[in-house]
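Note sheet for the following structure.
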Amino acid sequence: MSVLVRIPSPLRRVTGGKSTAEVNATTVSACLEDLEKQFPGIKERLCDSKGQIQHFVNIYVNGEDVRFLQDLDTPLKSGDEVSIVPAIAGGC
Amino acid sequence: MSFTTGLRCRECGRAYPIEPIYVCEVCFGSLEVVYDYVAIKRHISREKIAAGPNSMWRYKELLPVGGDVVDINAGFTPLVKAENLGRALGLKQLYLKNDCVNPSYSFKDRVVAVAATKAREFKFEAIACASTGNLACSVAAHAARAGMKSYVFIPSDLEQGKILGAAIYGPTLIAVEGNYDQVNRLCSELAEKYPWAFVNINIRPFYAEGSKTLAYEVAEQLGWRAPDNAVVPVASGSLFNKIWKGLNEFHDLGLIGPVKTRMFVTQATGCSPVATAYESGSNIIRPVKPQTIAKSLAIGNPADGYYALKTIRESGGGAAMSTDPEIVDGMKLLAETEGIFAETAGGVVIAGLKRLVTSGAIKEDELTVAYITGNGLKTLEAIQNSVVKPILIKPDINSFEAALGFKIAATVERNKSQVE
Numbered sequence: 180m181s182v183l184v185r186i187p188s189p190l191r192r193v194t195g196g197k198s199t200a201e202v203n204a205t206t207v208s209a210c211l212e213d214l215e216k217q218f219p220g221i222k223e224r225l226c227d228s229k230g231q232i233q234h235f236v237n238i239y240v241n242g243e244d245v246r247f248l249q250d251l252d253t254p255l256k257s258g259d260e261v262s263i264v265p266a267i268a269g270g271c
Numbered sequence: 197m198s199f200t201t202g203l204r205c206r207e208c209g210r211a212y213p214i215e216p217i218y219v220c221e222v223c224f225g226s227l228e229v230v231y232d233y234v235a236i237k238r239h240i241s242r243e244k245i246a247a248g249p250n251s252m253w254r255y256k257e258l259l260p261v262g263g264d265v266v267d268i269n270a271g272f273t274p275l276v277k278a279e280n281l282g283r284a285l286g287l288k289q290l291y292l293k294n295d296c297v298n299p300s301y302s303f304k305d306r307v308v309a310v311a312a313t314k315a316r317e318f319k320f321e322a323i324a325c326a327s328t329g330n331l332a333c334s335v336a337a338h339a340a341r342a343g344m345k346s347y348v349f350i351p352s353d354l355e356q357g358k359i360l361g362a363a364i365y366g367p368t369l370i371a372v373e374g375n376y377d378q379v380n381r382l383c384s385e386l387a388e389k390y391p392w393a394f395v396n397i398n399i400r401p402f403y404a405e406g407s408k409t410l411a412y413e414v415a416e417q418l419g420w421r422a423p424d425n426a427v428v429p430v431a432s433g434s435l436f437n438k439i440w441k442g443l444n445e446f447h448d449l450g451l452i453g454p455v456k457t458r459m460f461v462t463q464a465t466g467c468s469p470v471a472t473a474y475e476s477g478s479n480i481i482r483p484v485k486p487q488t489i490a491k492s493l494a495i496g497n498p499a500d501g502y503y504a505l506k507t508i509r510e511s512g513g514g515a516a517m518s519t520d521p522e523i524v525d526g527m528k529l530l531a532e533t534e535g536i537f538a539e540t541a542g543g544v545v546i547a548g549l550k551r552l553v554t555s556g557a558i559k560e561d562e563l564t565v566a567y568i569t570g571n572g573l574k575t576l577e578a579i580q581n582s583v584v585k586p587i588l589i590k591p592d593i594n595s596f597e598a599a600l601g602f603k604i605a606a607t608v609e610r611n612k613s614q615v616e
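Heads up: the sequence lines are chains V and R, in that order.
Letter 48 of the first sequence, counting from 1, is numbered 227 in this note's numbering, and no numbers are missing.
Letter 35 of the second sequence, counting from 1, is numbered 231 in this note's numbering, and no numbers are missing.
Following this line, the structure appears as structure tokens:
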């Protein structure tokens, strides 16, 4: 059950400079837990105090925004790619 | 000389140096340029501005640039008193900020001028962007002027006028099979990998400041005052927020009186995440999959949507959304009453304004400015089935009169009956 996670540069201080990570998880929520185990402190950057994905973070599974899927409950399978992307980008 | 002292996170206030970065590494909030307003106040005056160049650079002190700028002469576009359109809509003091006539035919020249200047200052060799079309044209044009390479990413289903209008400047033009939000997500990831100045990603804090000039110009052109209402097309929400910021900066610097402007968001019904959140009283922007002819506003996941909601509420403004047929009617009404041919986003503004007047949100005597941000020649597809067709004739008088004679006769008849 290996899922590739792409880490944006604002988080790389927490990941020791790593731009990708491998997690074992069957949901996005479990993916964030696994990331937290590997890189303590990363989850509080991504989630608010209620555990929801915070305003300024977008999470994608295979290129689709999880808000169009099942948010934190979005299922993951081996070979999936998760991207964490700052929301403050684009447009004008 | 630059009056910029650094960058600061809009959410947690953490300070950062002036670098090509855009997001706070602690809280993911957006970074904003910090100015030394005390020093600016000493340097700026109405007279000095009025004596400046007839472009956005007359406000250079309030932009995050220092020395030579990349200049294709953006800005200082006409503010038109729209008496005909005002009459049609029931407004006595309606003005149109006509940004269709910028060098690459949209307001994007204002933001890209700043971004390209910063890209050169930061020693990037290439500038890049994720675009719904207007930005593509502007980035390619400014790169050409600056002698830089450009990489322009667009959704593959854009209008021809925008594809060709960007292609002419010789960029590397990448058409992505997906909508704008997908293009933007791709570019956010590419910006991590390639050493390019993505104007609306890693250069975004600087780039976005260029939109403030749309507030400064309107205030100056109105005789140094803020309007009662500003009606603005909203995609990411950045332009909307920067107009509000620009008006308030002008007041803080003593250049205009108190700002009581109400800020109105206009969006297409097929992509209205900000207007919908406002109307439902929510603080949360739910992203949407855009379905609208207003492709320049087709951002379903607006980066500054959250702040746009704050601006609406802070200013006592509102929001309106319009269907695709109403957008086309808005484009036609603007053209037929004022001789201004705007792209679909202009149709969104006029259709939205009409709704805001009908609902009583905007009143007859209030000084209202509608922002028309892009040129109609870029979105010809939207109107091709909704305007008069040419009457085809042979090059002789008989052919003309045979084709048109009955029309003229009908007109004469009507005039006669009016006289009687």
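For every residue, glycine included, the Cβ atom is placed at its ideal position computed from N, Cα and C.
What do you get for residue i, buried or exposed, if any count of 16 or more other CB atoms within 10 angstroms of its CB means buried?
i	result
His239/R	exposed
Val584/R	exposed
Gly548/R	buried
Cys325/R	buried
Gly512/R	exposed
Met197/R	exposed
Gly282/R	buried
Gly526/R	buried
Glu475/R	exposed
Ala211/R	exposed
Ser185/R	Limits of chain R in this structure are 197 at one end and 616 at the other, which puts residue 185/R out of reach.
Lys304/R	buried
Asp377/R	buried
Ser181/V	exposed
Ala247/R	exposed
Give me the residue from the options with the minimum Cα distance to residue i.
i	options	result
Cys223/R	Ala566/R, Arg206/R, Pro213/R, Val230/R	Arg206/R
Thr564/R	Ala322/R, Ser241/R, Ala422/R, Leu354/R	Ala422/R
Lys441/R	Pro429/R, Val430/R, Ser432/R, Val455/R	Val455/R
Asn571/R	Gly477/R, Ile370/R, Ser334/R	Ser334/R
Val229/R	Gly248/R, Ser241/R, Trp253/R, Glu257/R	Glu257/R
Ala322/R	Arg306/R, Glu279/R, Ala340/R	Ala340/R
Trp253/R	Thr273/R, Ala235/R, Val234/R	Thr273/R
Tyr365/R	Ser346/R, Asp295/R, Gln378/R, Gln356/R	Ser346/R
Thr206/V	Pro265/V, Ile263/V, Val240/V	Val240/V
Ala393/R	Tyr412/R, Phe318/R, Thr368/R, Gly374/R	Phe318/R
Ser518/R	Lys550/R, Tyr567/R, Ser384/R, Gly450/R	Lys550/R
Lys624/R	Asp424/R, Ile589/R, Pro486/R, Asn444/R	Absent from the model: residue 624/R. The displayed extent of chain R is 197 to 616, so no value can be given.
Lys244/R	Glu539/R, Glu560/R, Glu416/R	Glu416/R
Ala531/R	Asn294/R, His447/R, Leu259/R	Asn294/R
Tyr412/R	Leu449/R, Glu385/R, Pro391/R	Leu449/R
So residue i and residue j are supposed to be a Cβ contact under 8 Å. How far apart are they, rounded?
i	j	result
Ala362/R	Ala336/R	5 Å
Val266/R	Ala342/R	5 Å
Val544/R	Ala598/R	About 41 Å; that fails the 8 Å criterion.
Asn479/R	Asn237/V	Actually they do not touch by this definition, with Cβ atoms about 17 Å apart.
Ser327/R	Val348/R	6 Å
Ala515/R	Val470/R	7 Å
On the DSSP bridge list, what partners appear for residue i?
i	result
Tyr291/R	Lys277/R, Val565/R
Glu532/R	Paired residue(s): none; Glu532/R is not in a bridge.
Gly202/R	Val230/R
Arg458/R	Asn425/R
Arg381/R	None; Arg381/R has no bridge partner.
Phe394/R	Ala324/R
Asn237/V	Val264/V
Ala515/R	Val461/R
Measuring only the C-alpha atoms, how far is residue i from residue j?
i	j	result
Met459/R	Ser188/V	35 Å
Phe235/V	Cys220/R	10 Å
Ser432/R	Gly270/V	5 Å
Ile267/V	Asn380/R	11 Å
Ile546/R	Leu214/V	49 Å
Leu493/R	Val430/R	6 Å
Leu225/V	His338/R	36 Å
Glu522/R	Gly466/R	12 Å
Thr575/R	Thr313/R	29 Å
Ile268/R	Lys237/R	27 Å
Ser241/R	Asn250/R	16 Å
Ile397/R	Leu443/R	25 Å
Leu386/R	Val264/V	11 Å
(message) Beta carbons nearer than 8 Å to chain B: which residues of the stretch 253-266 of chain V have them?
(response) Protein chains V and R are contained in the structure displayed, whereas chain B is not.
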